[in-house]
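Residue numbers for the sequence shown follow this note's numbering, so the first one is 31 and each next one is one higher.
Ideal placement from N, C-alpha and C gives every residue a C-beta, glycine not left out.
Keep in mind that this is a model prediction, so the values were computed, not measured.
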Amino acid sequence: MNIPATLDLNQAIETFKQTIAPLLAVGEISSWDGVALKAREEAIRAAALVLAGQVIALLLHELSEHPDSQREANQRTRSSRGFMARSQGKRRVKVLTVGNVVVEFKVGYILNGVSQQKRKGKRKAGQRGPSQGQGFYPLLRWLGLEEQVSPLVWSVVAAAGMLSRSFAQATEQLQQWGIELSEKRVVRLTYGFGQIGLALTDQWLAQLQQGQLPTGQTFEGQRVGLSVDGGRTRLRYNKRGRRRATKRRGYRGHWREPKLFTLYAIDEQGQRINTVKLPVINDGTFTGIEGFMSLLEMYLVKLGVVQAQQVLLLADGAPWIWHRIPALLERLGLPKDRLIELIDFYHASQHLKDFAEAAFSKAQVARKWFEAARSSLKRGKLAQLLTQMQQILAQKHTRQQRKAMTTPFNYFNDQPQRFAYGQVQAMNLPIGSGAIESLIRQVVNLRLKGNGKFWLPEHAEILLQGRCYWAAGRWDTFCAEILTAKLDAKRLEIVEPNASDLAVA
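Right, here's the structure in full:
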């Protein structure tokens with residue numbers, strides 16, 4: 031239930047005092063236990079959130095009434111003005127703050143016209159005359175209030191929607207913290223938030239294609255780790271044709287592999303660095319290898335990875351990784367002697383285990399050989415290990431055994447440069463891809479992958495990106511980028527609702 035803003039600080043504080051006073055009474059001491067204390071804590075929290083919402087509402091009111099606010103808003107949103115933009119006066123809007131407090135105030139509304147070339151076919155159903163275009167509220171856009179919720183509420187709702195196991199769970203969690211919205215509204219706010227994030231990425235990709243993306247210096251002189259891997263998610267594609275009697279379209283579900291990467295600086299002790307100056311960068315996409323390579327290239331340029339002291343490419347044995355990424359780094363200007371290609375030690379060990387199980391019929395003998403071979407591999411004695419594997423292959427085996435041993439043998443023999451674990455460990459660099467494996471679990475497995483989950487491709491992309499930022503500890507950066515993105519709206523392709531729909535009837 032929404033609570034109207036009082037716009038009076040003294041009244042808000044007095045109401046808070048009246049609410050809190052009985053909650054501070056101890057009463058009969060024997061009535062207390064953990065359950066009673068928890069209930070009292072929740073009541074105190076609810077009252078405090080309402081007070082916070084009243085204070086925020088008062089701040090929003092003061093901002094809207096400031097004599098310079100409209101001028102500043104018009105200046106900051108100048109790029110949003112389209113063809114024949116004209117003022118439509120002030121309209122009343124409502125904004126929800128924490129504690130479910132709602133503030134209402136008047137703000138200026140700008141209507142963008144539509145050029146003669148774009149007028150055809152642009153009218154809404156039932157609309158007469160030429161299309162009126164889309165409008166916006168400069169003050170709401172400037173302060174990140176266009177969704178009729180405060181920036182804090184919007185970012186908290188988006189975080190809950192993206193990071194919870196389901197939207198139903200997110201809705202319940204938000205209610206516990208004084209944000210009472212329907213599940214449908216939570217879904218809309220979450221996807222709207224993430225859509226702006228994708229539009230920003232598209233903007234950077236366009237700059238890359240046009241040769242206008244500046245080369246950064248974030249990783250200049252650093253030792254950089256780059257790990258790549260993929261997950262599994264089912265996407266849904268709506269069928270064409272008539273809707274069913276239930277008014278819904280059927281759909282087809284297909285497994286798709288989102289490809290993710292993590293980029294990070296490594297200190298002298300071999301530990302991953304994650305600071306404001308040297309952040310961990312995670313991202314990924316469902317758009318296939320070509321889309322992934324474009325995304326990766328954009329980040330490599332933005333972060334100045336080619337200026338790194340050393341780049342460690344750590345991944346599994348997927349051929350496309352080793353065919354495409356080293357070539358990309360070379361094209362961008364990274365000298366070959368600064369790149370170390372390394373296959374994750376766990377994946378390499380699994381191939382050794384496959385060889386042992388095929389070569390030896392007794393499990394105990396196979397395990398003993400595997401443990402010794404794994405130790406040799408880790409210490410950088412690949413040449414000796416290959417000789418030993420060749421000798422075993424030369425012995426008598428069935429055709430099936432020989433085939434099962436040949437595959438793992440060729441795996442090591444065809445790319446010996448990617449198993450230099452001894453050399454890499456001596457440099458205090460990681461030999462395992464735990465960082466990317468953990469990212470796949472946090473981003474994909476715990477939210478996008480699951481029984482009965484079928485995602486529209488655009489929604490899966492939104493959750494994938496948001497969770498990647500969160501897993502890197504960069505959620506606040508993500509929010510800051512989104513809340514200011516529309517101030518440069520001309521370069522962002524964002525499908526926006528008609529701002530006039532926000533007006534209070």
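Pro349 is classed as exposed because its beta carbon has fewer than 16 other beta carbons within 10 Å across all chains shown. In its chain, beyond the 5 residues on either side, Glu491, Ile492 and Gln495 have a beta carbon closer than 7 Å to the beta carbon of Leu228.
Cβ contact annotation for Gly251 (same chain, cutoff 8 Å, sequence separation greater than five): Gln337, Ala338 and Gln339, in chain order.
In summary, Met328 is buried, with 16 or more beta-carbon neighbours lying within 10 Å of its beta-carbon over all protein chains present. As for any beta strand (DSSP E) of minimum length 3 sitting wholly inside the stretch 417–475, there is none. The DSSP assignment places complete beta strand (DSSP E) segments of no fewer than 3 residues inside the stretch 94–139 at 116–126, in order along the chain.
For the 9 Å CB-CB criterion, Ala115 and Leu169 do not form a contact. Inclusion of Phe400 and Ala386 in the CB contact set at 9 Å is warranted, their separation being smaller than that value.
Taking all protein chains in view, the Cβ of Arg504 is crowded by 16 or more other Cβ atoms within 10 Å, so the residue is classified as buried. Taken through DSSP and simplified to helix, strand or coil, Asn142 comes out as coil. In this structure, Arg409 sits near Tyr451, with a CB-CB distance shorter than 9 Å.
In this structure, DSSP gives Pro365 a state outside helix and strand, which the three-state scheme calls coil. Per the C-alpha coordinates, the member of Gly260, Thr276 and Arg108 positioned closest to Glu287 is Gly260. Between Leu293 and Ile319, the CB-CB gap reaches or exceeds 9 Å. Straight-line measurement puts the Cα of Glu210 at about 14 Å from the Cα of Ala77. Note on geometry: alpha-carbon atoms of Ala69 and Ala501 lie some 33 Å from one another. Going by DSSP, Asn40 is part of the alpha helix (DSSP H) stretching over Leu39 to Ile50. When rounded, the separation of the alpha-carbon atoms in Leu235 and Asp367 is 28 Å. Going by C-alpha positions, Trp184 is about 8 Å away from Thr220.
Taking C-alpha positions only, Arg218 is separated from Ser406 by approximately 55 Å.
Counting the other Cβ atoms within 10 Å of the Cβ of Lys392 gives fewer than 16, which makes it exposed.
In chain order, Asn32, Ile33, Pro34, Ala35, Ala87, Lys124, Val125 and Leu126 place their CB closer than 8 Å to the CB of Val132, counting only its own chain and leaving out the 5 sequence neighbours on each side. Distance from the CA of Pro356 to the CA of Gln447, rounded to the nearest whole angstrom, comes to 13 Å. Between Ala515 and the set Ile140, Trp62 and Leu173, the nearest pair of CA atoms involves Leu173.
If you compare the alpha carbons of Arg274, Leu37, Val56 and Gln242 with that of Leu89, the shortest gap goes to Leu37. A straight line joining the alpha-carbon of Thr417 with that of Leu238 spans about 47 Å. The alpha-carbon of Glu134 is positioned some 40 Å away from that of Gly64. Per DSSP, the continuous beta strand (DSSP E) segment holding Ile311 begins and ends at Ile311 to Thr315.
Where Gly283 is concerned, the enclosing beta strand (DSSP E) starts and stops at Tyr281 to Arg286.
Excluding its 5 nearest sequence neighbours in each direction, Asp384 has C-beta neighbours in its own chain below 8 Å: Ala434, Thr437 and Pro438, listed in chain order.
With a beta-carbon spacing of about 14 Å, Val335 and Val258 fall beyond the 8 Å limit used to define contacts. Pairing Ala200 with Val179 gives a Cβ-Cβ distance that is not under 9 Å. Sorting Gly363, Phe113, Gly165 and Ser324 by C-alpha distance to the C-alpha of Arg121 places Gly165 at the top.
In this structure, Lys289 sits away from Phe249, with a CB-CB distance that is not shorter than 9 Å. Residue pairing by DSSP puts Asn268 in a beta bridge opposite Tyr281. Annotation for Val216: the continuous alpha helix (DSSP H) segment containing it runs Glu213 to Gln239.
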